[in-house]
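Residue numbers (this note's numbering), protein chains in the order written: chain V, 1 to 308; chain E, 309 to 616.
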C-alpha cells in the first residue's frame with residue numbers, strides 16, 4: 001500500500017472531468033485536507049472560492065465506466081478550532097405561512113474543541129455559552145465525475161454523489177460510487193463538525209478537515225446510486241426532487257444490492273425491508289434532496305435463505 | 309382517577325364527528341382493544357370493516373376547539389400470536405423503471421412471540437424461519453375528529469393525526485393533538501407489531517392490540533400538528549404531500565413549540581435545530597406522507613437562555 005500525502009494547490013466547485021490532481025492506484029491511501037464551504041483552510045487563509053470548494057480530483061488507475069469505486073473513509077475530522085453556520089432556518093424549510101416570522105439570516109461562529117470532541121456556540125454579546133453539542137464530523141461533499149462529461153456544481157447531488165450532506169459519510173464508513181469516467185475522478189470537501197438532519201439552516205458547522213482515505217475498485221460491477229457501509233448498517237443514497245423520489249431511488253438501489261450481493265429475491269428483500277427499513281433524511285436544503293435507506297447488517301445475517 | 313374498561317361494539321373507518329362511544333374526563337384512564345387493519349380481533353373474529361377500523365370515539369368532557377388533548381399511551385401491544393403483512397414493496401415506493409420487476413402482491417402471515425418480544429416470518433412451503441425481528445409495537449392510527457365537521461378516512465392523515473404510521477406513537481409516549489370539536493373525539497387503531505420507516509410494503513406487521521391510555525387537557529392552548537414526547541425526545545408530526553411539505557410542517561411546529569414552551573427565540577431555535585434536528589420518515593405509502601421532526605430533550609436542557 002502506497003500512502004500519498006497530498007497538499008492541494010487548486011480547488012474546484014464542480015464535480016466533473018478535470019485534469020487529475022493526483023493519480024493513485026487501487027489499494028493506495030491518501031492523506032489530505034479540505035477547505036470549509038466558504039473556501040477557508042485551517043489557518044483561515046482562503047485558497048478556494050466560496051460554495052463547497054473540493055479537493056481532488058483523484059484519478060484511480062484502471063477504473064472506467066461500469067466499475068464501482070470503493071472509498072474507505074479512514075479520517076474525516078476538523079483541523080481547526082472554529083466553524084460557522086447560518087443563523088436561521090432556511091425559508092424553504094418552514095411552512096410558507098411562517099416565512100415572514102423568520103429574522104434576517106446571519107453567519108455565526110462556533111468553537112470546536114477537538115480534545116473534548118464538542119462544538120459550542122457562544123453568544124458574542126453576553127459571552128455566555130448558548131449550546132454545546134457533541135462533534136459528529138461528516139463530509140458534506142463526496143463523489144466522482146458524473147456521466148457524459150457533465151460538470152455538476154458542488155451545491156448539487158446526483159448519481160455521482162456530490163453535495164449529499166449525509167452524516168453517514170464519515171470516518172469509519174466505506175463508500176461506493178458508480179464510475180462514469182476513466183479514472184473515476186474522486187472529489188471530497190465540505191466538512192461539517194455536526195449537522196442536523198435535513199440541513200435545516202442550510203449549513204452544518206462548516207470547517208476545514210483532515211481527510212485520509214484509501215481506494216479499491218470492483219471491475220465490471222455497475223451500481224446506480226452511492227452506497228455505504230459501516231459497522232452496523234449498509235445504506236443507499238438517492239438524490240432527487242421531490243424528496244419521495246429520492247427515497248424511491250434509495251429504496252430501489254437497496255433492493256438491487258440485496259439481490260446481487262446478498263442473494264435475495266425481491267420477495268425476500270421486500271419481507272425484510274418492509275419491516276426493518278430505516279430512512280434518514282440527509283438534506284432538504286440543496287437543490288436536489290437526499291434520502292438514505294439503511295438496513296442493519298444484523299437483520300441481513302440473522303435470516304434463513306429461501307434460495308438455498 | 310377513574311379507569312374505564314371499554315369493550316367496543318362498533319368500529320369506524322373515519323376520523324369524524326360521530327356519536328361518542330364513551331364519555332371520559334381529563335385524568336381518566338381507558339383500557340380497551342383495537343382490531344387489525346382488516347378488521348380482525350384477537351380471536352380472529354371480524355367485527356370491523358377492512359381498512360383501519362378504529363376504536364372510539366372517546367368524548368373528553370370539557371374539551372373544545374382551541375384546546376390541546378394530551379394522551380398518555382400506557383399500553384400498546386399485540387394481544388394475539390399472529391400478524392400479517394403485504395409481501396412486496398409498494399409500486400409507488402420504487403423507481404418507476406423498477407415497477408415491472410416487482411412480483412405480484414400477496415399477504416403473508418407472521419408469528420408473534422409476545423414472551424420473547426419478537427416476530428418471525430416462516431416460509432409456509434419449507435417450514436423454515438426466514439426472518440425474526442424484535443417487536444416494536446406502535447399505533448398506526450391515533451387522532452381526533454378533524455375541523456369543520458370533516459369525516460376523514462382512516463387511510464389518511466392530517467392536522468388531526470390519523471393514519472400517520474409513525475413508530476413514535478407507542479407505549480410510553482405522550483401524544484398531543486389539537487382539539488377541533490367539542491369533546492375532542494379521540495380514536496385509536498391499526499396496531500403494528502413492527503414496521504419499517506416509510507412503510508415500504510404498505511403495512512406493518514398488522515395485528516390486534518391491547519391499548520391503555522389516560523387523557524389530560526390544556527384549555528385554550530392551540531397547537532397545529534400532532535406532537536409527542538417520550539423519555540428522550542420531543543417530536544412533531546407533519547402530514548402532507550409532497551414529503552418535503554410534511555417535513556416543513558413538522559419543522560415549523562417544532563419552532564413554535566420551542567418558542568411557547570421552552571422560551572426560545574426563533575434565532576435560538578434555529579441555532580439548536582440547525583445542528584441537532586433528527587428527522588424520521590414515518591410513511592411514504594399513505595395518500596398523505598408523514599415526516600417527524602425530533603429533538604433530544606438533553607439538547608434543550610443543556611443550554612443557556614439568552615432571554616434571561
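In this text, a Cβ means the ideal position worked out from N, Cα and C, and glycines have one as well.
These figures come from a predicted structure and were not determined experimentally.
Considering only C-alpha positions, which residue in the set 526/E, 330/E, 608/E and 511/E is nearest to residue 566/E?
If we check each option's Cα against that of residue 566/E, 608/E comes out closest.
Between residue 384/E and residue 513/E, how many whole angstroms is the CB-CB distance? I'm expecting something under 8 Å.
Not quite, the Cβ-Cβ distance comes to about 14 Å (not below 8 Å), so this is no contact.
Proximity test, Cβ basis, 8 Å: residue 170/V and chain E
no
Would you tell me roughly how many angstroms separate the C-alpha atoms of residue 179/V and residue 65/V, rounded to the nearest one?
5 Å
Does residue 357/E pass the burial test, meaning 16 or more other C-beta atoms within 10 Å, or should it be called exposed?
Taking all protein chains in view, the Cβ of residue 357/E is surrounded by fewer than 16 other Cβ atoms within 10 Å, so the residue is classified as exposed.
Short CB-CB distance (under 8 Å) between residue 384/E and chain V:
no
Let me know the secondary structure DSSP gives residue 139/V once reduced to three states.
Assigned with DSSP and collapsed to three states, residue 139/V falls in strand.
Starting from residue 289/V, find everything on chain E with Cβ-Cβ shorter than 8 Å and list it in chain order.
552
Which residues does DSSP pair with residue 375/V in a beta bridge?
Residue 375/V lies beyond the range of chain V shown here (1 to 308); nothing can be said about it.
Nearest-angstrom Cβ-Cβ length linking residue 224/V and residue 253/V, presumed shorter than 8 Å:
6 Å
For residue 91/V, which residues in chain E fall below 8 Å Cβ to Cβ?
What residue 91/V touches in chain E: nothing, since even the nearest Cβ is about 10 Å away.
Helix, strand or coil for residue 255/V, going by three-state DSSP, please let me know.
helix
Could you give the distance in angstroms between the alpha-carbon of residue 186/V and the alpha-carbon of residue 504/E?
33 Å
Taking 8 Å as the threshold, find out whether the stretch 476–490 of chain E comes into contact with the stretch 262–280 of chain V through three or more Cβ pairs.
no
The beta strand (DSSP E) that contains residue 575/E, what's its start and end?
Careful: residue 575/E lies outside any beta strand (DSSP E), inside the alpha helix (DSSP H) at 574–584.
Cutting at 6 Å between CB atoms, please list the residues of its own chain near residue 446/E, excluding the five before and the five after it.
475, 477, 478 and 500
Pull the bridge partners of residue 428/E from the DSSP assignment, please.
419/E and 440/E
Name the DSSP beta bridge partners of residue 153/V, please?
14/V
On the criterion of 16 or more Cβ atoms from any shown chain inside 10 Å, does residue 310/E qualify as buried, or is it exposed?
Exposed, by the Cβ-count rule.
Could you run through the stretch 256–279 of chain V and flag, in chain order, every residue whose CB is less than 9 Å away from some CB of chain E?
256, 265, 266, 267, 268, 269, 270, 271, 272, 273, 274, 275, 276, 277, 278 and 279
Could you have a look at residue 102/V and say whether DSSP puts it in helix, strand or coil?
Looking at residue 102/V - three-state DSSP - the assignment turns out to be coil, as it is neither helix nor strand.
Closer than 7 Å at the beta carbon, the chain V residues around residue 508/E:
251, 273, 274 and 277
Interface residues of chain E facing residue 85/V [CB-CB closer than 8 Å]:
Chain-ordered, the chain E residues with CB closer than 8 Å to the CB of residue 85/V read 579, 582 and 583.
I need the straight-line Cα distance from residue 295/V to residue 511/E, nearest angstrom please.
18 Å
Between which residues of its own chain and residue 322/E is the CB-CB distance below 7 Å, once the five residues before and five after are set aside?
459, 460, 461 and 462
In angstroms, rounded to a whole number, what distance separates the CA positions of residue 85/V and residue 30/V?
Those two C-alpha atoms are separated by around 28 Å.
Excluding the 5 residues preceding and the 5 following residue 528/E in the sequence, name in chain order all residues of the same chain whose CB lies nearer than 8 Å to its CB.
374 and 375
Determine, using beta-carbon pairs with one atom in the stretch 97–116 of chain V and one in the stretch 212–219 of chain V, whether at least three such pairs fall under 8 Å.
Verdict: no, contact absent.
Please report whether the beta-carbon of residue 406/E lies at a distance below 8 Å from any beta-carbon of chain V.
It does: the Cβ of residue 406/E has a partner Cβ on chain V nearer than 8 Å.
Residue 245/V (DSSP reduced to helix, strand or coil):
helix
Looking at the secondary structure, which residues open and close the alpha helix (DSSP H) in which residue 126/V lies?
Note, residue 126/V: premise wrong, no alpha helix (DSSP H); not H, not E.
Is the CB of residue 545/E under 8 Å away from at least one CB in chain V?
Taking Cβ atoms only, chain V never reaches closer than 8 Å to residue 545/E, which makes this a no.
Measure the beta-carbon distance from residue 597/E to residue 548/E and round it to whole angstroms, keeping in mind my assumption that it falls under 8 Å.
7 Å
Along chain V, in chain order, which residues have C-beta atoms closer than 9 Å to that of residue 493/E?
The premise fails here: residue 493/E is roughly 26 Å from chain V at the closest Cβ pair, so nothing lies under 9 Å.
Quick one: which chain E residues come within Cβ less than 8 Å of residue 133/V?
583, 584 and 607
For residue 62/V, which residues in the same chain have their Cβ closer than 8 Å to its Cβ, ignoring the five residues on either side in sequence?
Counting only Cβ-Cβ distances below 8 Å, and skipping sequence neighbours, we find 25, 26, 217 and 219.
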